[in-house]
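The structure under discussion appears below in the form of structure tokens.
Residue numbers (my numbering): -16 to 397.
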């Protein structure tokens, strides 16, 4: 279909071909991911019972469907030429390093690499190290934090103390970051080994000073996708009335939430961020710029953690009850024995998560590289130290994996 659209001159026919292709892609995604959700709504509204057996969700369908749609839209916009080699196009759609959980790769960023990539020893070294970093994030931080979050969110409202609620949401905040960014690191590293250079998907989002900045740093490929293929076509910020800007933002962020899953909580999570970004655009940014950085940072972390409650909880009732417990609005104890047990058993993992969610290691690497450029002897020592460091990390990760159970990545279900 891309070839047909590419060969069709700008016309209503070309637009119809684009719409048809997009509808087919959305219909496939909708059947697997959203059919049960909409059928459930229909049954509730009209009190009918529809015989429908939900099929398992193909792993990564949200990611490769968006890649396919971005390709066809770029061809329609004449930003890229249609790929005439079916094998090369299939390689782009099903590129295995990022197939199941992103990042969402745009055709224009790797079109030349599909045909003309050169694999050098440096690529293999950089890719291997990046893969190990991602694996360590998942195994050494995300999995232990996930164990804490799962136990906390499994507690009923009556059993949850304020301290345990905070431990649970901080654990989940760290889990989802290190789980998802860890997979992105592994995908970027594995692709680099094979000569592909993917764009970054995370840039230390938890150091953000505003929610707008947070979403420039979190899941960058998805944010850019909705910006380029939904927000800009709706008019973006170049519209004749300010309310239309807010409308466009709310549409984009509600769809972003819905992309993550077929449930009202995911939609509410997306709408929640849409409202906050609208408020920042309206007046909050001016106010935030007047207060100290530390308070802006606290503001972002609180907003993000409240958002993660909706993302993690199964329904609205539990979400609101959990948030009320966090902010002392329920008549529950401050802490109990289980709270202290979590702190005692997982303190080291919380510390690692907090430290590595900041760009401390990245700043060290930058400093080391500058030092190595000035001193060849230091460069050799640095390479030796880093090699030993990564070998130790591999050994530690292997020990953890041997003693662990199956623990899939969170974003596999999207």
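Using N, Cα and C, we set each Cβ at its ideal position, and we do this for glycine too.
Beta-carbon proximity check, residue i vs residue j, cutoff 8 angstroms
i, j, result
"residue 309", "residue 149", "yes"
"residue 154", "residue 132", "yes"
"residue 218", "residue 231", "yes"
"residue 113", "residue 373", "no"
"residue 152", "residue 292", "yes"
"residue 45", "residue 12", "yes"
"residue 38", "residue -12", "no"
"residue 87", "residue 5", "no"
"residue 220", "residue 213", "no"
"residue 236", "residue 294", "no"
"residue 282", "residue 271", "yes"
Residue i (DSSP reduced to helix, strand or coil)
i, result
"residue 101", "coil"
"residue 176", "helix"
"residue 182", "coil"
"residue 201", "coil"
"residue 218", "coil"
"residue 462", "Residue numbering for the chain in the displayed model covers -16 to 397; residue 462 lies beyond these limits and cannot be assessed."
"residue 296", "coil"
"residue 80", "helix"
"residue 274", "coil"
"residue 127", "helix"
"residue -7", "coil"
"residue 347", "helix"
"residue 377", "helix"
"residue 312", "coil"
"residue 224", "coil"
"residue -16", "coil"
"residue 191", "coil"
Candidates the options: closest to residue i by CA position
i, options, result
"residue 279", "122, 118 and 191", "191"
"residue 186", "333, 219, 345 and 247", "345"
"residue 79", "204, 169 and 143", "169"
"residue 145", "233, 127 and 318", "318"
"residue 181", "224, 203, 358 and 343", "203"
"residue 193", "385, 268, 333 and 102", "268"
"residue 63", "387, 25, 326 and -10", "-10"
"residue 234", "244, 209 and 243", "209"
"residue 380", "50, 65, 116 and 135", "116"
"residue 77", "48, 23, 305 and -7", "48"
"residue 143", "322, 347, 368 and 333", "322"
key: Cβ pair count under 8 angstroms reaching 3, the stretch 134 to 146 against the stretch 292 to 308   = Verdict: yes, contact present.
query = Are the stretch 282 to 290 and the stretch 188 to 203 in contact at 8 angstroms, needing three or more beta carbon pairs?
reply = Counting C-beta pairs with one atom in each stretch, the stretch 282 to 290 and the stretch 188 to 203 have three or more that are closer than 8 angstroms, which means they touch.
query = Quick check: the stretch 97 to 115 against the stretch 160 to 178, are there 3 or more CB pairs under 8 angstroms?
reply = Judged by Cβ distances under 8 angstroms, the stretch 97 to 115 makes contact with the stretch 160 to 178, as three or more pairs qualify.
query = Would you call the stretch 152 to 167 and the stretch 111 to 130 touching, i.e. three or more CB-CB distances under 8 angstroms?
reply = Here the stretch 152 to 167 makes contact with the stretch 111 to 130; the two share three or more CB pairs at distances below 8 angstroms.
task = Output the residue ranges of the alpha helix (DSSP H) runs that lie fully inside the stretch 31 to 100 and measure 4 residues or longer, sorted by chain position.
result = With a minimum length of 4 residues, the continuous alpha helix (DSSP H) runs that stay inside the stretch 31 to 100 are 44 to 59, 69 to 76 and 90 to 98.
request  = Could you tell me whether the stretch 86 to 99 touches the stretch 345 to 354, using the rule of 3 or more Cβ pairs below 8 angstroms?
outcome  = With contact defined as three or more Cβ pairs closer than 8 angstroms, the stretch 86 to 99 and the stretch 345 to 354 are not in contact.
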